[in-house]
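**Student:**
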Amino acid sequence: MADSIDVLATLKLVYGIYAFIAISLISWFGYRVTKPKDDDAGAKPALFWTYVVVLAVVGTGLHFLTYNSVPWVPIDLNRASIKADTVFDITYEDHQMSFSSFPMQVGCGEHVVFNATSNDLTYGFGIFRADHTMVAQMQVVPQSRNDLMWKFGKNGTYYIRSTEYSGPRGAKMVAQNAIVVTGCDQDDVRAVEIGEQ
Amino acid sequence: MSLISTLINGHEGGLKQDGMTPMQKIALRFVVLGVLYYGLAAIEGMMMRMVEITPVPFIDDAHFFSIMTVHPMVGIFGSTYMIVFGAFLFLVPFLMKKPIFSLKLANASWMLVGGGTLIMWLAGFVFSYAPLYTLYWPLPADFSQFAIIGGIVYVVGVALIMVGTFLYSYNIFKTIMYTPEGWDKQPSMELFKSAIGFTGLTNFFKKKKTEHLVDLPVAAISRGTIDVGLNAVVIMAAGVLLLIYMFGAAFGFNLEKTWVDALLYKNMFWWGLDLIADGLVLIFVAGTWYLLATAITGKKLFMQNIARAALFVEMVVSWTVWSHHLMSDQGQSNFLKVFSGEMVTALELITQGLAVYITLVTLSRARPLKMTNELKFLLGGLLGFMLAVPAGIIQADLGMNRILHNTQWIIGSHVHVAILVGLTMTLYSAIYFLLPIVTNGAKLYSQKLATAHFWLHIVGGIGMGSFMGMAGIDGMLRRSTYIDGEYNTYMILAGICGGLLLLAFFAFLFNVVMTVGVKGLIGIYSPAKINTRECVPAQQEA
Ligand code: HEM
Numbered sequence: 366m367a368d369s370i371d372v373l374a375t376l377k378l379v380y381g382i383y384a385f386i387a388i389s390l391i392s393w394f395g396y397r398v399t400k401p402k403d404d405d406a407g408a409k410p411a412l413f414w415t416y417v418v419v420l421a422v423v424g425t426g427l428h429f430l431t432y433n434s435v436p437w438v439p440i441d442l443n444r445a446s447i448k449a450d451t452v453f454d455i456t457y458e459d460h461q462m463s464f465s466s467f468p469m470q471v472g473c474g475e476h477v478v479f480n481a482t483s484n485d486l487t488y489g490f491g492i493f494r495a496d497h498t499m500v501a502q503m504q505v506v507p508q509s510r511n512d513l514m515w516k517f518g519k520n521g522t523y524y525i526r527s528t529e530y531s532g533p534r535g536a537k538m539v540a541q542n543a544i545v546v547t548g549c550d551q552d553d554v555r556a557v558e559i560g561e562q
Numbered sequence: 019m020s021l022i023s024t025l026i027n028g029h030e031g032g033l034k035q036d037g038m039t040p041m042q043k044i045a046l047r048f049v050v051l052g053v054l055y056y057g058l059a060a061i062e063g064m065m066m067r068m069v070e071i072t073p074v075p076f077i078d079d080a081h082f083f084s085i086m087t088v089h090p091m092v093g094i095f096g097s098t099y100m101i102v103f104g105a106f107l108f109l110v111p112f113l114m115k116k117p118i119f120s121l122k123l124a125n126a127s128w129m130l131v132g133g134g135t136l137i138m139w140l141a142g143f144v145f146s147y148a149p150l151y152t153l154y155w156p157l158p159a160d161f162s163q164f165a166i167i168g169g170i171v172y173v174v175g176v177a178l179i180m181v182g183t184f185l186y187s188y189n190i191f192k193t194i195m196y197t198p199e200g201w202d203k204q205p206s207m208e209l210f211k212s213a214i215g216f217t218g219l220t221n222f223f224k225k226k227k228t229e230h231l232v233d234l235p236v237a238a239i240s241r242g243t244i245d246v247g248l249n250a251v252v253i254m255a256a257g258v259l260l261l262i263y264m265f266g267a268a269f270g271f272n273l274e275k276t277w278v279d280a281l282l283y284k285n286m287f288w289w290g291l292d293l294i295a296d297g298l299v300l301i302f303v304a305g306t307w308y309l310l311a312t313a314i315t316g317k318k319l320f321m322q323n324i325a326r327a328a329l330f331v332e333m334v335v336s337w338t339v340w341s342h343h344l345m346s347d348q349g350q351s352n353f354l355k356v357f358s359g360e361m362v363t364a365l366e367l368i369t370q371g372l373a374v375y376i377t378l379v380t381l382s383r384a385r386p387l388k389m390t391n392e393l394k395f396l397l398g399g400l401l402g403f404m405l406a407v408p409a410g411i412i413q414a415d416l417g418m419n420r421i422l423h424n425t426q427w428i429i430g431s432h433v434h435v436a437i438l439v440g441l442t443m444t445l446y447s448a449i450y451f452l453l454p455i456v457t458n459g460a461k462l463y464s465q466k467l468a469t470a471h472f473w474l475h476i477v478g479g480i481g482m483g484s485f486m487g488m489a490g491i492d493g494m495l496r497r498s499t500y501i502d503g504e505y506n507t508y509m510i511l512a513g514i515c516g517g518l519l520l521l522a523f524f525a526f527l528f529n530v531v532m533t534v535g536v537k538g539l540i541g542i543y544s545p546a547k548i549n550t551r552e553c554v555p556a557q558q559e560a
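Chains as they are written, first to last, in this note's numbering: chain Z, 366 to 562; chain C, 19 to 560.
(1) Taking one C-beta from the stretch 504 to 520 of chain Z and one from the stretch 349 to 356 of chain C each time, how about it: are there three or more such pairs within less than 8 Å?
(2) Per DSSP, what kind of secondary structure is Z:Gln562 in: helix, strand or coil?
(3) Measuring alpha carbon to alpha carbon, tell me which residue in C:Leu219, C:Lys211, C:Leu309 and C:Phe485 is nearest C:Ser447.
(4) Evaluate the contact criterion for the stretch 367 to 384 of chain C versus the stretch 412 to 420 of chain Z: three or more CB pairs, one atom per stretch, below 8 Å.
(5) Report the CB separation of C:Ala373 from C:Ala468 in whole angstroms; it is logged as a contact under 8 Å.
(6) Is C:Pro90 near the ligand HEM, judged by its Cβ being under 7 Å from some heavy atom?
(7) Between C:Leu396 and C:Trp307, which are expected to be in contact by the criterion C-beta below 8 Å, what is the C-beta distance as a whole number of angstroms?
(8) Assign Z:Ser531 to buried or exposed, taking buried as 16 or more other Cβ atoms, counted over all protein chains shown, within 10 Å of its Cβ.
(9) Only counting the same chain, and skipping five residues up and downstream in sequence, which positions put a Cβ closer than 6 Å to that of C:Ala267?
(10) With C-beta atoms as the reference, is Z:Asp441 less than 8 Å away from Z:Val478?
(11) For the stretch 184 to 259 of chain C, list the alpha helix (DSSP H) runs that are entirely contained and at least 4 residues long, ordered along the chain.
(12) Between the C-alpha atoms of C:Ala556 and C:Asn458, what's the straight-line distance to the nearest angstrom?
(13) Taking the C-alpha atoms as reference points, what is the distance between Z:His428 and C:Gly28?
(14) To the nearest angstrom, how far is the alpha carbon of C:Met286 from that of C:Val88?
(15) Taking only runs that begin and end inside the stretch 277 to 340 of chain C, name each unbroken beta strand (DSSP E) of 3 or more residues, in chain order.
(16) Between C:Ser187 and C:Ile244, what straight-line distance do the alpha-carbon atoms span, to the nearest angstrom?
(17) Any heavy atom of the ligand HEM closer than 7 Å to the beta-carbon of C:Thr594?
(18) Expressed to the nearest angstrom, what Euclidean distance is found between the alpha-carbon atoms of C:Met443 and C:Gly398?
(19) In whole angstroms, what separates the C-alpha of C:Asn419 from that of Z:Asn433?
(20) Do C:Ala384 and C:Thr338 have their beta-carbon atoms positioned less than 8 Å apart in this structure?
(21) Where do the ends of the alpha helix (DSSP H) carrying Z:Ser389 lie?
(22) What separation, rounded to the nearest whole angstrom, lies between the Cα atoms of C:Gln413 and C:Pro205?
(23) Would C:Ser341 pass as an interface residue toward chain Z - the criterion being a Cβ-Cβ separation below 8 Å?
(24) Are the Cβ atoms of Z:Val545 and Z:Tyr524 separated by less than 8 Å?
(25) Where Z:Gln562 and C:Ser464 are concerned, what is the direct C-alpha to C-alpha distance, given to the nearest angstrom?
(26) Can C:Gly398 be considered in contact with the ligand HEM, in the sense that its beta carbon sits closer than 7 Å to one or more heavy atoms?
(27) Hey, would you say C:Gly430 sits closer than 8 Å to C:Ala406, going by beta carbons?
(28) May I have the straight-line CA-CA distance separating C:Leu51 from Z:Lys516, to the nearest angstrom?
(29) Between C:Phe112, C:Thr363, C:Ser146 and C:Arg47, which lies nearest to C:Ile77 when the distance is taken from Cα to Cα?
(30) Taking the beta carbon of C:Lys394 as the centre, do at least 16 other beta carbons fall within 10 Å, making it buried, or is it exposed?
(31) With a Cβ-Cβ cutoff of 8 Å, do C:Gly104 and C:Val176 count as a contact?
(32) Looking at the secondary structure, which residues open and close the beta strand (DSSP E) in which Z:Leu513 lies?
(33) Cβ of C:Met86 within 7 Å of any heavy atom in the ligand HEM?
(34) With a threshold of 8 Å, are at least 3 pairs of Cβ atoms found where one atom belongs to the stretch 315 to 332 of chain C and the other to the stretch 481 to 500 of chain Z?
(35) Relative to the ligand HEM, is the shortest distance from any of its heavy atoms to the C-beta of Z:Glu475 smaller than 7 Å?
What follows is the structure in structure tokens.
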């Protein structure tokens, strides 16, 4: 099962290649535009309309691609109809997070729901590995439903950090070693207990 | 001539004050203040950059976040709005060959936007008011963290900016529609319809097409101006709401947990804010590209009609994409996330992609062109959006947003590349283009400095955005402080690139000051000696 490390590594590669092409294209254009004209290729209507179609396909195609290849998208869109194996309640107040159970013990492949409630400000709920790479996040908005359904596919220990600014006092709201996942065949080598690295 | 004498009097005679029209002076007043505010935003940016490398003794968290609150406001309102308003208040009458509706209103606009920015900035500097520009409810009314007086000063500053913005919008539309003294009656309604794109829209369904009464750049300016006006309404409404809470708190009534639904507020606020990001920026920028491309080549725009239609689509799109800012809000409906957040947002790839294509083909058809400053910066601006728009489309995806939202990717690869490379380089291109027109032919002091400005800015802008983006991919949050050097390599590299941006700014500033002279700069704030509402003096027009 793909996790955020896989998806983000793909992003780095694909966007890096794209950025290189875009920069090269403009540099080449900048050179060419100072030289006399030999053809008018870009002005051909067929090329123009092909380009428009490509933009439309890429723009919308990305969403179909991630729906079919990134595991958390269908879970997120269908979470109302998926039964949660465990629900963890997290309450935010006065820049503190409190947990219905700590650490939150998660079995491999279970559908767990992190149900966050804020009693005052807007905060964020982010799950991180010991090397600070992000597993997932959501906003925690007061008077609103903030429930993230997640399925872990690797053993590991994760920390929680508020991912939304809630004033200077909330700059470093962290709960170390808050989620412990067990029972998988594979370990998340980046997600070790903090203090035990 | 000695350096000091050039500094005081300008290069080759500097700015010839006596021949300047009031409109030229007004345009310069806006632009000069806008450029100085850009410098302030850049210095604030560098202060934050330093903290992101290592804790700085005189910048604690309260100070850091008050810088972060005013930095984008100074950048967007103090700098971008000022430069854009000055340029467009000059260009609309200039292109329509018609006097501006009101010089007084134009003067009031720069004073209000410039003064309002200063007051808003003081709220951060003096009172450490720091709810950030997004003002997520109820943070701006959290008086256990912020002083009420700080909030009031902030709202007053922003309100003045918005009043200046309304006056600008009114002046633009009035200029398009009114009948100047001694002219034949102008078809106001038809001009209005053409300006906002209504004529273009109805033309799609008509066999006999109605002629466009306003040029494409003026149409782009009008459409962007609508978004600017709508945005001002939303921000004013939020300001009034905040004032109610602030005065309530000042008189001992704590309203903090009453009334306002935080998610609904967030929807409305982002609807308004997005009119700047997706409305003002994309529409104004596309319009400016078209204007510059036609001015640089002296040729007609390629696919004019498509460009007009795309601008209209972009305006409607800009009213319906706000949900891409709420993809990680679980209370937001899935329909809005997918429809507004993903699908409508994808249209921006098409509209902006079209604008890039049309501009490039227009330039290419006029080959060979001389690589002037305006052309160089225009290409930089195009590249900025070629990089930043796809980055935005990527984060406006449910799968990607879950792991990118509120990371440095958003604010680096998307926001700063769009603003610093895309928008700012387009504005610099417009400034280099307009400089001889608004100064009656002042000669640039140093081409070498202009070239250095270009390279330092483009390398610094793309570099800073990229290193922030890479840190974001590795999990670094925006709006957070890290004290154990977790992302030091990226942050040091981003800091070096930020330094290049600052150097670029100083190279530009020095070049402009040496071109027009300190005397010239101060002089633009004195009344014009010629009494005319025309844009340029009669002899230049001839
Ligand atoms: C040399 C130029 C600049 C530098 C070095 C710089 C640097 C920074 C830094 C370090 C941050 C904080 C990122 C974080 O940790 O969340 C930031 C945030 C931001 N900057 Fe800039 N910046 C520059 C210019 C600008 C300009 C000109 C604008 C606008 C026109 C702008 C708009 C923003 C915005 C919107 C934010 C986000 C603030 C928030 O999250 O509330 N920046 N900038």
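From the three backbone atoms N, C-alpha and C, an ideal C-beta is built for every residue, glycine too.
**Tutor:** By the coordinates alone:
(1) yes
(2) As a first step, residue 562 of chain Z is located in the first sequence; it is residue number 197 there, counting from the start. Caution is warranted here: a pLDDT of 49 is assigned to Z:Gln562, below 50, making its placement in the model unreliable, and the coordinate value is therefore given only provisionally. DSSP places Z:Gln562 in coil when its eight states are reduced to three.
(3) As a working note, residue 447 of chain C is residue 429 in the second sequence. Of the candidates C:Leu219, C:Lys211, C:Leu309 and C:Phe485, the one whose C-alpha sits nearest the C-alpha of C:Ser447 is C:Leu309.
(4) yes
(5) On the second sequence, residue 373 of chain C is found 355 positions in, with the first residue counted as 1. On the second sequence, residue 468 of chain C is found 450 positions in, with the first residue counted as 1. In fact, because the Cβ distance is near 25 Å, the residues do not count as touching under 8 Å.
(6) Here the question's residue 90 of chain C lines up with position 72 in the second sequence. Indeed, a heavy atom of the ligand HEM lies less than 7 Å from the Cβ.
(7) As a position in the second sequence, residue 396 of chain C is number 378, starting the count at 1. As a position in the second sequence, residue 307 of chain C is number 289, starting the count at 1. The pair is a contact, with the Cβ atoms about 7 Å apart (cut-off 8 Å).
(8) Looking up residue 531 of chain Z in the first sequence gives position 166. With 16 or more Cβ atoms within 10 Å of its Cβ, Z:Ser531 is classed as buried.
(9) For the purposes of this step, residue 267 of chain C is taken as residue 249 along the second sequence, with counting starting at 1. Phe161 and Ile166, listed in sequence order.
(10) Counting from 1 along the first sequence, the entry for residue 441 of chain Z is found at position 76. Counting from 1 along the first sequence, the entry for residue 478 of chain Z is found at position 113. No.
(11) 206 to 214 and 216 to 222
(12) The residue labelled residue 556 of chain C in the question sits at position 538 within the second sequence. The residue labelled residue 458 of chain C in the question sits at position 440 within the second sequence. Looking at the two C-alpha atoms, the distance is approximately 11 Å.
(13) Here residue 428 of chain Z refers to the residue found at position 63 of the first sequence. Here residue 28 of chain C refers to the residue found at position 10 of the second sequence. Distance between the alpha carbons of Z:His428 and C:Gly28 is about 55 Å.
(14) Residue 286 of chain C sits at position 268 when you count from the first residue of the second sequence. Residue 88 of chain C sits at position 70 when you count from the first residue of the second sequence. C-alpha separation (whole angstroms): 21 Å.
(15) none
(16) Residue 187 of chain C sits at position 169 when you count from the first residue of the second sequence. Residue 244 of chain C sits at position 226 when you count from the first residue of the second sequence. Those two C-alpha atoms are separated by around 7 Å.
(17) Residue 594 of chain C lies beyond the residue range present for chain C, which begins at 19 and ends at 560; the question has no answer from this structure.
(18) Locating residue 443 of chain C in the second sequence gives position 425, counting from the first residue. Locating residue 398 of chain C in the second sequence gives position 380, counting from the first residue. The straight-line gap from Cα to Cα measures roughly 6 Å.
(19) The residue given as residue 419 of chain C occupies position 401 in the second sequence. The residue given as residue 433 of chain Z occupies position 68 in the first sequence. The alpha-carbon atoms of C:Asn419 and Z:Asn433 are separated by roughly 16 Å.
(20) Your numbering for residue 338 of chain C matches position 320 in the second sequence. Your numbering for residue 384 of chain C matches position 366 in the second sequence. The answer is no: Cβ separation not under 8 Å.
(21) As a first step, residue 389 of chain Z must be located in the first sequence, where it is residue number 24. Run containing Z:Ser389: Ser369 to Arg397, per the alpha helix (DSSP H) assignment.
(22) Within the second sequence, numbered from 1, the residue matching residue 413 of chain C stands at position 395. Within the second sequence, numbered from 1, the residue matching residue 205 of chain C stands at position 187. Taking the straight line joining both Cα atoms gives about 45 Å.
(23) Against the second sequence, residue 341 of chain C aligns to sequence position 323. It does not; no Cβ of chain Z falls within 8 Å.
(24) Within the first sequence, residue 545 of chain Z is the residue found at index 180, counting from 1. Within the first sequence, residue 524 of chain Z is the residue found at index 159, counting from 1. Not closer than 8 Å, so no.
(25) Numbered from 1 along the first sequence, position 197 holds the residue referred to as residue 562 of chain Z. Numbered from 1 along the second sequence, position 446 holds the residue referred to as residue 464 of chain C. Its pLDDT being 49, under 50, Z:Gln562 is placed unreliably by the model, and nothing is read from it.
(26) Here residue 398 of chain C corresponds to residue number 380 of the second sequence, with the count starting at 1. It does not: the Cβ of C:Gly398 is nowhere closer than 7 Å to a heavy atom of the ligand HEM.
(27) Along the second sequence, read from residue 1 onward, the residue named residue 430 of chain C stands at position 412. Along the second sequence, read from residue 1 onward, the residue named residue 406 of chain C stands at position 388. Result no, Cβ atoms of C:Gly430 and C:Ala406 do not sit closer than 8 Å.
(28) In the second sequence, residue 51 of chain C corresponds to position 33, counting from 1. In the first sequence, residue 516 of chain Z corresponds to position 151, counting from 1. Near 53 Å, if we compare the C-alpha coordinates of Z:Lys516 and C:Leu51.
(29) As a working note, residue 77 of chain C is residue 59 in the second sequence. Nearest option by C-alpha distance: C:Ser146.
(30) To locate residue 394 of chain C, count along the second sequence from 1; it is residue 376. It counts as buried.
(31) Your numbering for residue 104 of chain C matches position 86 in the second sequence. Your numbering for residue 176 of chain C matches position 158 in the second sequence. Not closer than 8 Å, so no.
(32) For this step, residue 513 of chain Z is matched to residue 148 along the first sequence. Unbroken beta strand (DSSP E) run through Z:Leu513: Asn511 to Trp515.
(33) The residue you call residue 86 of chain C lines up with position 68 of the second sequence. Result yes, Cβ under 7 Å from the ligand HEM.
(34) no
(35) As a working note, residue 475 of chain Z is residue 110 in the first sequence. For the ligand HEM, not one heavy atom lies less than 7 Å from the Cβ of Z:Glu475.
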